[in-house]
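Input: a single structure, listed below in structure tokens.
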Amino acid sequence: MPVFHKPPCDDGVIAGGPSAAATPASGRWVLVAAVLGSSMVFIDSSVVNVALPTVQEDLRASAAATQWTVESYALSLAALLPLVLLMFALSRWSGGLIASFGAKPPLVVGPLIAAVGFGLFAIPGIAGSYWTTWFPAVTVLGIGMAITVAPLTTAVMGAVDQQRAGIASGINNSVARTASLPAIAVLGIAVSLAFGNQLESRLDEAPLDVETRTAMRDQAKDLAAAEAPATVDEATRATIVGIVDRSFLAAFRVVMLIAAALAIASAVCARLPVAGVPDGVIGWPPTERPCVVPWVGVM
């Protein structure tokens with residue numbers, strides 16, 4: 342027989358306790374937080390502007406090319422806008438899934454859908470329209486993340502007593518933020534190794550002289566920024582550009598497939614029983630309506 346844990350807000354009380362009216366002192370702290378948040382944006386822009394000469398020197402690029410490189414990061418983030426919108430729009434609905442189906446189904450299905458999204462990222466080639474190449478992958482990934490994030494937060498908050506809900510939320514956020522650091526490092530190493538191997542293989546197959554091959558191998562650390570030597574003719578330059586582009590594309594695909602494998606692994610982990618917790622235990626009975634927090638889901 343399933344065992345049901347009482348949700349932290351079963352009696353209509355949010356885990357953090359009763360809300361209090363804002364006081365002048367708390368209002369001042371809100372203003373301070375808003376000012377500091379805005380300041381970080383300006384500081385970020387200032388750091389980028391100060392670093393532009395160094396970036397230009399390292400990339401051996403013109404001022405226009407350097408500025409375009411900086412702006413391209415914003416364009417890359419804009420390409421992921423559908424993911425953000427889907428997570429925002431579906432968070433309330435996905436948070437309610439745990440009340441109807443329990444914690445496991447969303448935490449299994451969501452990562453599996455996200456894995457499909459990562460797999461779709463590995464399909465496009467070098468050229469193509471955003472709407473037929475990246476948009477389907479971003480959309481599927483956004484749906485998978487939307488199904489995962491809100492139920493995950495709900496499961497974490499519902500797994501402890503209301504007195505410890507704040508600690509559970511802090512641990513959940515800390516693990517998520519900390520995990521991003523080794524992920525960037527490990528995937529960065531994977532990109533570098535995959536790009537180097539692909540570049541080496543394609544250079545050996547191309548009709549290039551030894552000096553050109555050596556010069557390109559020395560630039561393997563530059564990844565997609567690797568450039569053909571100034572002494573080569575236009576035909577050879579076009580060949581080298583194609584080699585670099587295809588090598589970087591292959592490295593990108595490797596990373597996307599690794600991400601898909603990690604998403605599948607997370608789904609498997611969510612499906613496995615937890616030691617000491619019966620498989621029938623869920624957050625609360627589907628017949629009981631949990632507290633709902635706007636834009637977040639259920640708590």
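End of the sequence shown sits at 640 in this note's numbering; the numbers just go up one at a time, nothing left out. By construction, the Cβ of each residue, glycine as well, lies at the ideal position given by its N, Cα and C atoms. Please read these numbers as outputs of a predicted model, since none were measured by experiment.
- Proximity to K445 across G466, L493, V527 peaks at L493, based on C-alpha coordinates.
- Cβ neighbours of A567 within its own chain (closer than 6 Å, five residues either side excluded): Q560, V585.
- Where V582 is concerned, the enclosing alpha helix (DSSP H) starts and stops at 575-612.
- Per DSSP, the continuous alpha helix (DSSP H) segment holding K445 begins and ends at 445-462.
- Counting along the chain, the unbroken alpha helix (DSSP H) around D559 starts and ends at 551-559.
- Look at the beta carbons and you see the stretch 428-435 not touching the stretch 453-465: under three pairs across the two are nearer than 8 Å.
- Of the candidates A601, V479, I439, P394, the residue whose Cα lies closest to the Cα of A500 is I439.
- If you look at R518, you'll find it in the alpha helix (DSSP H) that goes 506-546.
- According to the DSSP assignment, R433 belongs to the alpha helix (DSSP H) that extends over 422-436.
- With contacts defined by Cβ atoms closer than 9 Å, L393 and T407 form a contacting pair.
- Rounded to the nearest whole angstrom, the C-alpha separation of V450 and G529 is 28 Å.
- The three-state secondary structure of I488, taken from DSSP, is helix.
- In this structure, the alpha-carbon of I525 lies about 23 Å from that of A491.
- In this structure, S510 keeps its C-beta atom at 9 Å or more from the C-beta atom of V527.
- In the structure shown, P394 adopts helical secondary structure according to DSSP, grouped into three states.
- The shortest CA-to-CA distance from R543 to any of A506, V582, L421 is the one to V582.
- Each residue's CA atom was taken as its position, placing T474 and R554 some 32 Å apart.
- Here the alpha carbon of T410 sits roughly 25 Å from the alpha carbon of T572.
- In the three-state DSSP reduction, A468 falls in the coil class, being neither helix nor strand.
- Taking 9 Å as the cut-off, the Cβ atoms of T495 and G436 count as close.
- Assignment of S403 by DSSP, reduced to helix, strand and coil, places it in the coil class.
- Straight-line measurement puts the Cα of G485 at about 29 Å from the Cα of R505.
- The residue among L613, S607, R612 with its C-alpha nearest the C-alpha of A456 is S607.
- DSSP, read as helix, strand or coil, puts A566 in helix.
- Counting every other CB atom within 10 Å of its CB across the protein chains shown gives G443 a total of 16 or more, marking it as buried.
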